[in-house]
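Everything below concerns the one structure shown next.
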């Protein structure tokens with residue numbers, strides 16, 4: 027009995043990672059109806075960037091966040107203004123194909139720069155520390171911290187979106203990107219800000235993920251799929267729902283892994299498809315697809 | 397599409413098909429690969445370029461077709477040449493419930509959903525040890541020899557099959573577009589809401605095309621892995637081989653145009669011959685090219701050629717709303 | 019001349035919507051713009067506000083050429099629009115919609131307090147989601163939002179659309195006060211009688227061209243009907 031509780035708790039905790047993967051994706055879709063197929067690859071890019079800094083300057087990966095987060099934000103802003111803004115419009119194809127192309131480019135760029143080897147950011151015992159709530163029930167402190175960080179990030183985003191002027195401008199732009207211009211606000215700039223935010227969270231996600239699990243140039247798509255599943259399970263347009271969705275996904279994977287280690291990822295996909303079948307709009311939807 | 401154009405295109409296609417027949421084994425091998433790729437590209441173009449169904453998970457059916465064919469041969473001792481079409485058919489049948497699922501998603505989410513589906517297939521087959529599990533398996537020698545004991549003969553047969561598939565796919569698209577069915581598709585492509593308001597059952601059309609393409613794709617996949625003799629989950633359901641390359645081919649060649657896939661394949665194979673030694677650089681170049689084309693010349697090389705030819709023979713332009721691009 | 023257009027043309031892709039419009043408005047004037055659906059009235063307003071690209075020498079504001087400038091920059095210069103269909107932001111409350119109108123940072127007579135004095139019902143419902151209000155109240159929010167930018171030129175696109183006559187009257191009651199603060203106004207209207215009551219001058223568009231213009235008082239109905247629908251042989 028306890029071991030099943032333990033499994034479910036582990037699953038919950040992993041949800042924090044998936045929620046972080048998903049938040050940036052959700053933000054970009056919410057504001058611009060744009061799905062960045064390279065999102066997972068940008069997360070991995072951040073992890074590799076941290077790796078490079080760690081190897082070059084011998085500093086802790088967590089310290090790298092100070093540099094990685096603003097750099098990723100700047101990258102996101104530039105990417106949106108220079109490339110992605112040009113793909114926006116009624117046609118679904120351009121953003122999909124351009125971001126898909128970006129995904130391939132990033133994966134191969136990482137392959138060239140770092141080799142195909144699996145990597146991990148050195149965090150030592152930080153990632154294995156745990157406390158025992160009950161005999162047999164271990165709470166990993168690192169994933170717990172990540173879950174708390176994910177909740178904090180979502181909470182901060184909610185406050186930003188609902189209590190600040192810029193946040194109101196972003197919400198308005200997601201409603202009507204043409205009329206926002208009649209308010210004297212440049213919609214191209216707002217899109218850039220949204221992507222900058224999304225990339226900042228992706229940078230955070232990359233470094234935190236990189237310290238906990240192995241990553242390689244080819245791991246990007248996996249992160250994209252997990253983030254996407256968390257969003258759909260939780261419901262579109264609801265960041266808190268995404269957090270819950272990530273936890274549901276984590277639990278499904280944990281259960282699958284317990285039955286057979288090879289079933290882990292598959293179990294998550296099946297849970298996703300099951301929810302898609304039973305509740306197509308997700309558990310807590312707030313916006314139409 | 398003008399009659400002259402259709403005739404010219406058919407001629408080029410037939411010439412491409414006949415060429416490898418004159419060559420040696422390695423030319424036929426290349427020709428087979430070209431034909432299979434062209435078939436997949438033509439089918440993806442039909443799906444995305446004409447029916448507006450943007451799938452990045454067609455590898456699901458390439459691998460599924462391969463595995464089903466292998467399963468039929470291994471488990472029921474079925475002759476390979478019978479297993480092939482059955483595998484394709486089975487893919488079409490599986491696409492019915494699968495389509496039901498993924499069509500619950502819209503637009504870009506649908507695209508990712510198709511990818512998840514492919515991953516489910518990949519992970520599923522990796523768990524079936526009777527089919528080689530994670531490392532895959534080879535076709536039993538006896539089944540191969542049953543086709544013919546001569547490798548060159550087998551290659552010729554496979555090549556002929558592949559060429560037939562490619563020609564068939566192009567013919568299918570051609571006939572489809574001229575039929576009432578096809579008019580509905582073109583209407584969807586040009587203006588979906590308008591098409592819907594005119595009574596074109598958009599959803600039904602999309603599903604039918606999705607299922608049909610799945611069956612055809614499965615058949616092609618079965619052939620690919622037949623001539624490969626070996627299949628594995630990673631090879632069968634590879635995103636890079638069966639989606640990324642195919643998408644790049646169609647985009648570069650010209651999406652939504654019947655000649656797009658052929659042009660794209662010629663460019664792709666040419667590039668590969670020239671640059672494949674550069675490994676990841678080659679893929680970076682291909683990806684960057686696809687991005688540039690999508691940004692600057694979304695109609696691809698075919699679109700560019702049409703524009704240049706149209707200038708020679710002045711034709712009235714059509715209204716093309718650019719409102720949404722007034723960023 | 020406060021605002022002047024010179025042979026203004028406008029296109030939607032390959033489709034030409036405006037064919038050489040010459041329009042002027044003086045500071046503090048109220049100009050009416052009438053015409054059948056599709057005549058080009060909304061297109062003209064969109065061109066003036068920068069939502070549609072215009073040639074560099076086609077529009078002059080206070081003597082300076084503004085053709086081709088982006089909409090968000092024109093707001094900063096003092097041109098604001100109440101768009102057709104109101105286009106309120108559904109995700110935002112009444113107050114948030116109004117405050118967004120001031121995002122351009124222009125100072126002037128109009129602020130939240132003054133908008134609430136003009137339309138008291140909005141203060142009562144300030145925290146409600148903007149699109150949950152009645153049609154007339156939403157129109158007031160839309161007008162208030164445009165006023166928050168303290169424009170010197172206000173464009174009103176079909177503000178009476180879909181509203182009951184009594185509500186229309188209430189909405190139009192606001193216009194004299196807006197004029198009094200020195201703002202020039204262009205009013206696009208389907209209701210010709212309404213426009214003739216308040217406008218100084220009138221332009222009538224048909225198929226992208228100005229077919230009639232002049233002081234509102236001196237126009238007769240027959241003249242307008244002819245221009246509106248085209249000469250009936």
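Protein chains in written order, with the numbering used here: chain A, 27 to 315; chain B, 397 to 723; chain C, 19 to 251.
Backbone N, C-alpha and C define an ideal beta-carbon position, used for all residues, glycine too.
Alpha carbon to alpha carbon, how far is residue j from residue i? Give it in angstroms, no decimals.
{"i": "residue 140 (chain A)", "j": "residue 63 (chain A)", "result": "22 Å"}
{"i": "residue 312 (chain A)", "j": "residue 263 (chain A)", "result": "5 Å"}
{"i": "residue 67 (chain C)", "j": "residue 705 (chain B)", "result": "38 Å"}
{"i": "residue 315 (chain A)", "j": "residue 115 (chain A)", "result": "The predicted model places residue 315 (chain A) with a pLDDT of 43, which falls under 50 and marks its position as unreliable, so this point remains unresolved."}
{"i": "residue 138 (chain C)", "j": "residue 189 (chain C)", "result": "12 Å"}
{"i": "residue 161 (chain A)", "j": "residue 31 (chain A)", "result": "11 Å"}
{"i": "residue 630 (chain B)", "j": "residue 637 (chain B)", "result": "10 Å"}
{"i": "residue 525 (chain B)", "j": "residue 304 (chain A)", "result": "31 Å"}
{"i": "residue 363 (chain B)", "j": "residue 580 (chain B)", "result": "In the structure as shown, chain B begins at 397 and stops at 723. Residue 363 (chain B) is therefore absent and cannot be evaluated."}
{"i": "residue 665 (chain B)", "j": "residue 430 (chain B)", "result": "8 Å"}
{"i": "residue 577 (chain B)", "j": "residue 118 (chain C)", "result": "49 Å"}
{"i": "residue 724 (chain B)", "j": "residue 460 (chain B)", "result": "Here chain B has residues from 397 to 723 only, and residue 724 (chain B) is not among them."}
{"i": "residue 186 (chain A)", "j": "residue 80 (chain A)", "result": "32 Å"}
{"i": "residue 173 (chain A)", "j": "residue 41 (chain A)", "result": "7 Å"}
{"i": "residue 439 (chain B)", "j": "residue 613 (chain B)", "result": "7 Å"}
{"i": "residue 108 (chain A)", "j": "residue 90 (chain C)", "result": "19 Å"}
{"i": "residue 143 (chain C)", "j": "residue 170 (chain C)", "result": "28 Å"}
In chain C, which residues lie less than 8 Å from residue i when you measure between Cβ atoms?
{"i": "residue 200 (chain A)", "result": "109"}
{"i": "residue 59 (chain A)", "result": "The premise fails here: residue 59 (chain A) is roughly 14 Å from chain C at the closest Cβ pair, so nothing lies under 8 Å."}
So, at 6 Å on beta carbons, what are the nonlocal neighbours of residue i in its own chain, with the 5 sequence-adjacent residues on each side left out?
{"i": "residue 603 (chain B)", "result": "495"}
{"i": "residue 297 (chain A)", "result": "278"}
{"i": "residue 240 (chain C)", "result": "none"}
{"i": "residue 518 (chain B)", "result": "629, 633"}
Starting from the C-beta of residue i, find all residues in its chain whose C-beta is less than 7 Å away, skip the five residues before and the five after it, and write them out in chain order.
{"i": "residue 437 (chain B)", "result": "642, 645, 646, 657, 660, 661"}
{"i": "residue 220 (chain A)", "result": "53, 54, 57, 58, 196"}
{"i": "residue 421 (chain B)", "result": "548, 551"}
{"i": "residue 184 (chain A)", "result": "265"}
{"i": "residue 154 (chain C)", "result": "181, 185, 188, 189"}
{"i": "residue 739 (chain B)", "result": "Given that chain B is displayed from residue 397 to residue 723, the structure contains no residue 739 (chain B) and the question cannot be resolved."}
{"i": "residue 715 (chain B)", "result": "Interpretation of residue 715 (chain B) is limited by its pLDDT of 38, a score under 50 that renders its predicted location unreliable; no figure is taken from the coordinates."}
{"i": "residue 442 (chain B)", "result": "569, 605, 609"}
Under 7 Å Cβ-Cβ, which residues of chain B neighbour residue i?
{"i": "residue 131 (chain A)", "result": "680, 683, 684"}
Pull up the DSSP beta-bridge partners for residue i, would you.
{"i": "residue 49 (chain C)", "result": "C:204, C:219"}
{"i": "residue 30 (chain C)", "result": "C:33"}
{"i": "residue 224 (chain C)", "result": "C:227"}
{"i": "residue 82 (chain C)", "result": "C:79"}
{"i": "residue 100 (chain C)", "result": "C:174"}
Which residues in the same chain have their Cβ closer than 8 Å to the Cβ of residue i, if we skip the five residues on either side of it in sequence?
{"i": "residue 133 (chain C)", "result": "116, 140, 162, 165, 166"}
{"i": "residue 713 (chain B)", "result": "Model confidence at residue 713 (chain B) stands at a pLDDT of 44, short of 50, so the residue's coordinates are unreliable and nothing is read from them."}
{"i": "residue 35 (chain C)", "result": "28, 29, 58, 61, 226"}
{"i": "residue 99 (chain A)", "result": "222, 223, 225, 226, 229"}
{"i": "residue 722 (chain B)", "result": "Legend: pLDDT at residue 722 (chain B) = 34, less than 50; position of this residue unreliable, value from coordinates given subsequently. Same-chain partners within the cutoff: there are none."}
Please compile the residues from chain A whose C-beta is within a distance smaller than 8 Å of the C-beta of residue i.
{"i": "residue 69 (chain C)", "result": "204, 207, 208"}
At a CB-CB cut-off below 9 Å, which residues of chain A make contact with residue i?
{"i": "residue 633 (chain B)", "result": "Within chain A, no residue comes near residue 633 (chain B); the closest Cβ sits about 12 Å away, beyond 9 Å."}
{"i": "residue 503 (chain B)", "result": "59, 61, 118, 122, 315"}
{"i": "residue 640 (chain B)", "result": "126, 127, 129, 130"}
Please compile the residues from chain A whose C-beta is within a distance smaller than 7 Å of the C-beta of residue i.
{"i": "residue 500 (chain B)", "result": "302, 306"}
{"i": "residue 643 (chain B)", "result": "123, 126"}
{"i": "residue 198 (chain C)", "result": "Neighbours of residue 198 (chain C) on chain A: none; closest Cβ ~23 Å, over 7 Å."}
Quick check on residue i - is its C-beta less than 9 Å from some C-beta in chain F?
{"i": "residue 286 (chain A)", "result": "The displayed structure is made up of protein chains A, B and C, and chain F is not among them."}
What does residue i reach in chain B if we use C-beta pairs closer than 9 Å?
{"i": "residue 124 (chain A)", "result": "686, 687, 690, 691"}
Which residues of chain C have a Cβ atom closer than 9 Å to the Cβ of residue i, listed in chain order?
{"i": "residue 197 (chain A)", "result": "107, 109, 110, 114"}
Along chain B, in chain order, which residues have C-beta atoms closer than 8 Å to that of residue i?
{"i": "residue 247 (chain A)", "result": "511, 635"}
**OP:** Taking a Cβ distance cut-off of 8 Å, strictly less, list which residues of the segment 97-111 of chain A are near chain B, in chain order.
**Re:** 109, 111
Subject >> Interfacial residues, the segment 202-220 of chain A to chain C, with Cβ spacing under 7 Å >> reply: 202, 204, 205, 207, 208, 209, 210, 211, 212
**OP:** Scan the segment 78-92 of chain A for residues whose Cβ lies nearer than 7 Å to a Cβ of chain B and list them as they occur along the chain.
**Re:** none
Original post:
What are the residues of the segment 290-301 of chain A that lie near chain B, defined by any Cβ-Cβ distance shorter than 8 Å?
Top reply: 291, 292, 295, 296, 298, 299
**OP:** With 8 Å as the C-beta to C-beta threshold (strictly closer), list the residues of the segment 449-460 of chain B near chain A in chain order.
**Re:** 450, 452
Original post:
Going along the chain, which residues of the segment 81-94 of chain C sit with their C-beta nearer than 9 Å to a C-beta in chain A?
Top reply: Going along the segment 81-94 of chain C in chain order, one finds 88, 89, 90, 91, 92, 93, 94 with a Cβ nearer than 9 Å to chain A.
Subject >> Residues within the segment 468-498 of chain B neighbouring chain A, beta-carbon criterion of under 9 Å >> reply: 496, 497, 498
**OP:** Using a Cβ-Cβ cut-off of less than 7 Å, list which residues of the segment 172-198 of chain A approach chain C; keep chain order.
**Re:** 194, 195, 197, 198
**OP:** Using a Cβ-Cβ cut-off of less than 9 Å, give me the residues of the segment 149-164 of chain C that come near chain A, in sequence order.
**Re:** 163, 164
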